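Counting from 1, position 125 in the sequence shown corresponds to residue 116 in this note's numbering; the numbering is continuous, with no gaps.
Virtual Cβ for every residue (Gly too), placed ideally from N, Cα, C.
The structure presented is a predicted model; accordingly, all values stated were derived computationally and were not measured.
Encoded as structure tokens, the structure appears first; notes follow it.
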Amino acid sequence: MAILQVKNLTHTYGGNTPFINDAVRDVSFTVEKGEILGIIGHTGSGKSTLVQHLNGLLKPTQGEIFIEDTNIWDNPKEIRKVRSQVGLVFQYPEYQLFEETVYADIAFGPKNMGLVGEELQKRVRETCKIIGVKDEFLEKSPFDLSGGEKRRVAIAGVMAMNPQIIVFDEPTAGLDPKGREEIIDVIYNYRKATGATVIIISHSMEDMAQIADKLLVMSRGSLVMFDKTENIFKNGDKLRQIGLNVPIVTRVFDILKEKGYSLPDDIFTVERAVEVLNKIKAGDLNA
């Protein structure tokens, strides 16, 4: 079942000036309920401009956006309701923390939606449980937490509003490998617990291989590829033509295949690589 449809979306900056630029050009795609969609592309390809349309922060120059068959711009006065349906987590969300306690920061969004008392407390605590914010953190200042903990709290504040769709713009940017893994686990566990649809912008092919069901590839404002993650990564040559690449582990196995080894073409994660190597070691697969 489609929860989101983008039809012929174009966004033009600097209209009627010498600096006119189509940041997004005639983009169409559909996202199914509960999917994790990754959006990849080089810097300036239109990724961030695209996702800012999904909750009405930007209005299309041309085209339409539907959430469950309703055009989000049918009634512009109701656009705030769209923003409770589609949560947007910007890059480095920890810079937007501002309340005195972790609890107050996570509760801010749900409180503005009208939740109070026990209902509000339940929402905050349920979200914290899902994504691993410890109870003892709730009365602390968010500014006393580590960088990774701050980001987790900031993400929890958006998740606590229970959006149908949640969009992340580079959620692992600036984190060390352990922190990256923890945030990817947070996103995956949240989707598993709630059934929410997740859209992630990322430069990390490794993150995308690990979590995304499908990938949408942008280049110079246009959609150039949209398919299941494994099908996108099987087109490494096409990705390289637009300045992208496949995961590092895939590149390693591609080199081995070029040297004459017979190996599967679906190795995109370390876990799959280990599985294949173990099969070769056990004699269940000939290299």
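According to DSSP, simplified to helix, strand and coil, what is residue i?
i      : result
Ile70  : helix
Gln53  : strand
Ser132 : coil
Asn180 : helix
Phe10  : coil
Gly29  : strand
Asn62  : strand
Ile233 : coil
Asp167 : coil
Pro255 : coil
Can you give the Cα-Cα distance for residue i and residue j, rounded to whole angstroms?
i      : j       : result
Gly5   : Pro67   : 22 Å
Phe224 : Leu28   : 14 Å
Ala164 : Arg171  : 8 Å
Arg74  : Leu235  : 31 Å
Leu230 : Ile174  : 26 Å
Phe128 : Ala147  : 13 Å
Ile31  : Lys113  : 36 Å
Leu206 : Phe217  : 6 Å
Gly47  : Asn222  : 31 Å
Ser193 : Phe159  : 9 Å
Val208 : Ile56   : 19 Å
Glu23  : Met(-8) : 5 Å
Asp228 : Leu(-5) : 30 Å
Gly251 : Pro238  : 20 Å
Thr21  : Ala273  : 42 Å
Thr260 : Phe10   : 42 Å
Pro255 : Thr61   : 43 Å
Return the bridge partner residues of residue i from the DSSP annotation.
i      : result
Leu79  : Val158
His2   : Val15
Val288 : Since the displayed the chain opens at -8 and closes at 278, residue 288 lies outside it and no answer follows.
Thr118 : Thr118 is not bridged to any residue.
Where does residue i land, buried or exposed, given buried means 16+ other C-beta within 10 angstroms?
i      : result
Tyr86  : exposed
Ile138 : In the sequence under discussion, the amino acid at residue 138 is Gly, which differs from the Ile named in the question. Exposed, by the Cβ-count rule.
Just checking: is the beta-carbon of residue i within a distance shorter than 9 Å of some beta-carbon in chain B?
i      : result
Arg143 : Structure shown: chain B not included; a single protein chain is present.
Continuous alpha helix (DSSP H) assignments of at least 4 residues falling wholly in the stretch 183 to 227: Counting only runs of 4 or more, we get 196 to 202 and 220 to 224.
Can you list, in chain order, the stretches of the alpha helix (DSSP H) that have 4 or more residues and sit fully within the stretch 88 to 113? Runs of the alpha helix (DSSP H) lying entirely within the stretch 88 to 113 and spanning at least 4 residues, in chain order: 93 to 103.
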